[in-house]
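The structure under discussion appears below in the form of structure tokens.
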């Protein structure tokens, strides 16, 4: 797969992941019955997945500020879809 195609697929996966994270943080953790430790383990895994996806996305495909924000803990704690919307605005 070419680098631009891989970058595009990673961007789509990142968008889907951020949406899933926001849904989980909004109400999903309650519906799942997960305790705090399990939820934190999921968030740690999501942080790693976000980093891996960002490594696959060409550097100039995202503004540096957004890339830096995505590397913080904020996206895995987002329960409003803030990062989904930020990414959608950029790729639209």
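Numbering (the numbering used here), first residue to last: 135 to 226. All C-beta atoms in this analysis are idealised placements derived from N, C-alpha and C, irrespective of residue type, glycine included.
Q. Does the beta-carbon of residue 156 have 16 or more other beta-carbons within 10 angstroms, so that it is buried, or is it exposed?
A. buried
**Q.** 4 or more residues per run - each alpha helix (DSSP H) lying fully within the stretch 160 to 220
**A.** 163 to 166, 170 to 190, 198 to 204, 208 to 211
Q) Apart from the five residues on each side of it in sequence, which residues of its chain come closer than 7 Å, Cβ to Cβ, to residue 178? A) Cβ within range, chain order: n/a, list empty.
Q.
If the criterion is Cβ atoms closer than 9 Å, does the pair residue 221 and residue 200 meet it?
A. In contact: residue 221 and residue 200 (Cβ atoms closer than 9 Å).
Q.
Could you check whether the stretch 180 to 198 touches the stretch 162 to 172, counting it as contact only if at least three pairs of C-beta atoms, one from each stretch, sit closer than 8 Å?
A. no
Q: Enumerate in chain order the residues of its own chain whose CB-to-CB distance from residue 171 is below 7 Å, with the five nearest sequence positions on each side excluded.
A: none
Q. Contact check, residue 141 vs residue 190 under 8 Å by CB: the rounded distance?
A. Distance from residue 141 to residue 190 at the Cβ level is roughly 6 Å; contact confirmed, criterion being Cβ atoms closer than 8 Å.
Q: Rounded to whole angstroms, what's the CA-CA distance from residue 147 to residue 175? Just pull it up for me.
A: 20 Å
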